[in-house]
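Participant: Residue numbers (this note's numbering): 2 to 428. All C-beta atoms, glycine included, are put in the ideal place defined by N, C-alpha and C. Please find one structure pasted underneath; my questions will follow.
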């Protein structure tokens, strides 16, 4: 792992941090408007750690193994609980501070790279959206971001999305990054002292060619009557995630329609038996929902689709992830409307729900520019939404025709991530 200079802290938007020193509120003093309790240096009650897995891992950039309590602000702490090493750092404040790592003496080359974090949330009610900013010697910044579920109460690996490649109006020189800044971005709705733990930051590879993964949720009949003909005209297929108790109900696909979709190359994936939010369920209830739907899919001939899962209502917990991972190659969540450079955790693939065509065009362009993946999904298509969906597909088709992207299904994404050893990456 590349070594860096001393870690330092800065209060976002307030002052300029200096390498190797602590800066608070610009004048070296703590804010008087909001007294802050010092975060404990050692977590006095570390939780038992759930097993976490991810693959391919990429390269660790920062493991915080040598961070000391005196290096960081009172909103931050160092704890002996960790996923990959002997310690992690955590944020327990209500202000929007950051920790930064100085590589000025030995800049990092992060061209054609993505970013991933191993994190854990504790005592959150709404979750958090941590930022990672890459800064060159001229102060130009590139920002990655991702959501962390309030229920992520064990260590998880999150692949960061490209939030803004030119925060200051100019893209940084990614071949010479001198500062990496980590900002928790806690929700203003949180109360009490929630903590967001950071174990390590990873550099991930990128794809040679941008990928668009087309998906649908809930098995609405319009996916068969409207989306199917549009995609077929381009020679595309998609993934539809079905709730098995709804199959054949009013406004839902029946078994014959799902079989026809599969015959045309679609895969029919798992969206549970009754569509509950898995976050609030016991392990036994999660198993009944996830495994029950998977068994139905297999019994009715949808073996390939039974390997792929989408979380209803974006509800997941550490236990739910473990149950899904036991029987599925991928799990899809609803996340930020930005592309991910390379999803190293196939159990938390980021999806973009019901995007309008203007957003699809903008995100597809960004995905192409930076070699990532974009995984939009839709529910019911009616009226104007059909025309808007058609416009989205026409734009994707035009970029595909130009050789700028590849349209794939979720099972194909899994294989290209390394499921059969054929990953095509750069970086």
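1) Answer yes if the region 222-234 comes into contact with the region 387-405, meaning at least three C-beta pairs across the two stretches below 8 angstroms, and no otherwise.
2) Would you check if the region 378-392 and the region 405-418 touch, i.e. whether three or more CB-CB distances between them fall below 8 angstroms?
3) Use the C-beta contact count for residue 308: other C-beta atoms within 10 angstroms, 16 or more gives buried, fewer gives exposed.
4) Tell me, please, whether the region 319-339 touches the region 271-284 by the rule of three or more beta-carbon pairs shorter than 8 angstroms.
5) Among 149, 300 and 124, which one has its Cα closest to the Cα of residue 117?
6) Please identify the residue among 168, 170, 147 and 172 whose C-alpha is closest to the C-alpha of residue 161.
7) Beta-carbon within less than 8 angstroms of residue 288's beta-carbon, same chain only, minus the 5 sequence neighbours each way: which residues are those?
8) For residue 69, count the other beta carbons within 10 Å of its own beta carbon; 16 or more makes it buried, fewer makes it exposed. Which is it?
9) Since residue 332 and residue 348 are thought to touch, with beta carbons under 8 angstroms apart, how far apart are those beta carbons, to the nearest angstrom?
10) With a threshold of 16 other CB atoms inside 10 Å of the CB of residue 299, please say whether the residue is buried or exposed.
11) By DSSP, does residue 432 sit in helix, in strand, or in coil?
12) Distance check for residue 346 and residue 430, CA to CA, integer angstroms please.
13) Apply the 10 Å Cβ neighbour rule to residue 218 and answer buried if 16 or more other Cβ atoms are within range, or exposed otherwise.
14) In the DSSP assignment, find the alpha helix (DSSP H) that holds residue 328 and state where it starts and stops.
15) Would you call residue 139 buried or exposed, if buried means 16 or more other Cβ atoms sit within 10 Å of its Cβ?
16) Hey, which unbroken runs of the beta strand (DSSP E) at 3 residues or more fall wholly within the region 385-417?
17) Count the other C-beta atoms from every protein chain shown that fall within 10 angstroms of the C-beta of residue 402, then say buried if there are 16 or more, exposed otherwise.
18) Going by DSSP, name the residue or residues bridged to residue 135.
19) Classify residue 170 as buried or exposed, calling it buried when 16 or more other Cβ atoms lie within 10 Å of its own Cβ.
20) Count the other C-beta atoms from every protein chain shown that fall within 10 angstroms of the C-beta of residue 155, then say buried if there are 16 or more, exposed otherwise.
21) With DSSP as the reference, label residue 83 as helix, strand or coil.
22) Mapping DSSP to helix, strand and coil, what is residue 333?
23) What residue does the alpha helix (DSSP H) around residue 367 start on, and which one ends it?
24) Could you please give the first and the last residue of the uninterrupted beta strand (DSSP E) stretch that includes residue 258?
25) Are the Cβ atoms of residue 240 and residue 297 separated by less than 9 angstroms?
Facilitator: Working from what's here:
1) yes
2) no
3) buried
4) yes
5) 149
6) 147
7) 324
8) exposed
9) 4 angstroms
10) exposed
11) A question about residue 432 goes unanswered here, because the residues of the chain that appear run from 2 up to 428.
12) Residue 430 cannot be examined here, being either before or after the span of the chain that is shown, 2 to 428.
13) buried
14) 319-328
15) exposed
16) 406-409
17) exposed
18) 143 and 181
19) exposed
20) buried
21) coil
22) strand
23) 358-371
24) It is not in any beta strand (DSSP E) - residue 258 instead sits in the alpha helix (DSSP H) that spans 256-264.
25) no
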